[in-house]
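In what follows, a single structure is set out as structure tokens and then discussed.
2 protein chains.
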Amino acid sequence: MTTTDWQERLRAQGYRLTPQRELVLAAVERLGHGTPDEILHAVREQSEAVNISTIYRTLELLESLGLVRHTHLSDRAPTYHSTTGPDHVHLKCRSCGEVTEADPELFAPMLESLTVEHGFTVDLGHLTVFGLCGTCGVRD
Amino acid sequence: MTTTDWQERLRAQGYRLTPQRELVLAAVERLGHGTPDEILHAVREQSEAVNISTIYRTLELLESLGLVRHTHLSDRAPTYHSTTGPDHVHLKCRSCGEVTEADPELFAPMLESLTVEHGFTVDLGHLTVFGLCGTCGVRD
DNA sequence: TTCGGTGCAAATTTTTTGCACCCGC
DNA sequence: GCGGGTGCAAAAAATTTGCACCGAA
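Protein sequences, first through last, are from chains A and B.
Residues in the first sequence are numbered consecutively from 1, following full-length UniProt numbering.
Residues in the second sequence are numbered consecutively from 1, following full-length UniProt numbering.
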């Protein structure tokens with residue numbers, strides 16, 4: 001593979017392209033979504049270790065470049081996911097822990113209402129909706 | 001004030017009514033919403049200190065009783081709020097940090113869509129929507 | 001009197017920082 | 001070679017836990 005767009009963008013802003021940065025981004029894309037610690041382990045499976053501090057620093061950089069984003073899929077840890085592919089909103093089941101991705105289109109009425117009622121512009125990419133999935137939520 | 005409903009419910013489940021538990025609940029109601037640390041300081045203003053471990057343990061208990069709930073108003077800390085008063089969804093401005101409360105009614109179409117499309121039952125009380133408030137979001 | 005609850009301190013867990021050395025450009 | 005980037009270890013934060021003592025019922 002030749003130089004990609006993001007790699008050029010990285011350099012255009014004075015940053016350097018390092019193997020660690022490539023590994024972390026690749027790991028996030030492979031995982032779908034993961035916490036810093038999960039990303040660390042994913043990177044290790046693929047190659048030699050990258051230090052956890054570098055994971056944190058790299059995720060911060062990648063997020064500032066818009067290559068990854070984070071949301072909170074658990075009460076305790078930030079979860080990063082790649083911005084490659086279509087936007088989506090995360091649905092997290094409180095019972096089984098399953099994470100599904102919903103079409104942002106479903107949230108259009110909400111965005112409209114919040115704009116009209118509160119002048120509020122929603123950041124859908126960061127949104128995670130907690131609740132019960134179809135399997136866990138069945139009653140009677 | 002005489003014995004309230006929650007106090008009886010507490011005892012009905014074998015728990016004891018302690019001054020710490022009353023202080024923590026009062027602090028949460030007074031603050032509107034706050035992190036464990038903010039609640040600790042709020043309690044201290046009102047009376048003698050309560051240990052931070054007790055704050056954590058008490059919030060967990062109060063949440064299991066349904067007297068308080070938590071959501072995530074910042075990337076890092078859980079924020080507790082009392083369930084007294086009407087339900088509401090939190091809107092958090094990424095720019096100025098302001099937190100506003102939105103009418104759950106505005107989210108009805110979203111709840112409906114997620115039920116239909118994913119069989120997903122939303123927990124609105126835990127929801128916090130990030131974005132830009134009317135003041136910060138104005139462009140041009 | 002009996003346990004559940006609290007304070008305290010130590011242990012964990014998660015994230016951030018300082019700094020010497022390394023390597024991309 | 002220069003200056004940003006990384007590894008390492010120590011520092012900070014944020015929670016959790018073990019345990020002896022206290023006090024609500």
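Don't be surprised by glycine CBs; every beta carbon is placed ideally from N, CA and C.
With 16 other Cβ atoms within 10 Å as the buried cut-off, status of residue 102 of chain A: By the beta-carbon neighbour count (other beta carbons within 10 angstroms, threshold 16), residue 102 of chain A is buried.
Classification of residue 44 of chain B by the beta-carbon crowding that lies within 10 angstroms, buried from 16 upward: Answer is exposed; the Cβ neighbour count stays below 16.
Interface partners of residue 109 of chain A on chain B, CB under 7 Å: At a beta-carbon threshold of 7 Å, the residues of chain B lying near residue 109 of chain A are 109 and 110, ordered along the chain.
Presumed contact (8 Å Cβ cut-off) between residue 89 of chain A and residue 129 of chain A, rounded CB distance: Between residue 89 of chain A and residue 129 of chain A the beta-carbon gap is near 7 Å, inside 8 Å, which marks them as a contact.
Where residue 133 of chain A meets chain B, residues with beta-carbon distance less than 9 Å: 118, 119, 120 and 121
Every unbroken beta strand (DSSP E) inside the region 8-35 of chain B [3 residues or more]: none
Neighbour-count burial assignment, residue 135 of chain A, 16 or more Cβ in a 10 Å radius: exposed
Simplified DSSP state of residue 94 of chain A, which is helix, strand or coil: coil
8 Å Cβ cutoff, residue 58 of chain B in contact with chain A: no
Sub-8 Å separation of residue 35 of chain B and residue 131 of chain A beta-carbons: no
Closer than 9 Å at the beta carbon, the chain A residues around residue 100 of chain B: 118 and 120
Proximal residues to residue 33 of chain A (C-beta, below 6 Å), its chain only, five neighbours per side dropped: 79 and 81
Whole-angstrom C-beta distance between residue 106 of chain A and residue 117 of chain B, which should lie under 8 Å: 6 Å
For residue 79 of chain A, three-class secondary structure by DSSP: Assigned with DSSP and collapsed to three states, residue 79 of chain A falls in strand.
CB contact check: residue 129 of chain A to chain B, cutoff 8 Å: yes
Residue 48 of chain B - DSSP class collapsed to helix/strand/coil: coil
Boundaries of the alpha helix (DSSP H) in which residue 118 of chain A is found, first to last residue: 108-118
Residue 94 of chain A at chain B interface by Cβ criterion, 8 Å: yes
8 Å Cβ cut-off: residues of chain B touching residue 114 of chain A: Near residue 114 of chain A (Cβ distances below 8 Å), the residues of chain B are 91, 102, 106, 129 and 131.
Which of helix, strand or coil DSSP assigns to residue 137 of chain A: coil
Proximity below 8 Å, CB of residue 126 of chain A to CB of residue 71 of chain A: yes
Span of the beta strand (DSSP E) around residue 127 of chain A: Counting along the chain, residue 127 of chain A falls outside any beta strand (DSSP E), and DSSP gives it neither H nor E.
Within 8 Å, strictly: CB atoms of residue 65 of chain A and residue 9 of chain A: yes
Where residue 49 of chain B falls, given that 16 or more other Cβ within 10 Å makes a residue buried: exposed
Cβ pair residue 73 of chain B, residue 92 of chain B closer than 8 Å: In this structure, the beta-carbon distance from residue 73 of chain B to residue 92 of chain B falls below 8 Å.
Residues of its chain near residue 13 of chain A, where Cβ-Cβ distance is below 8 Å and the 5 sequence neighbours each way are ignored: 65
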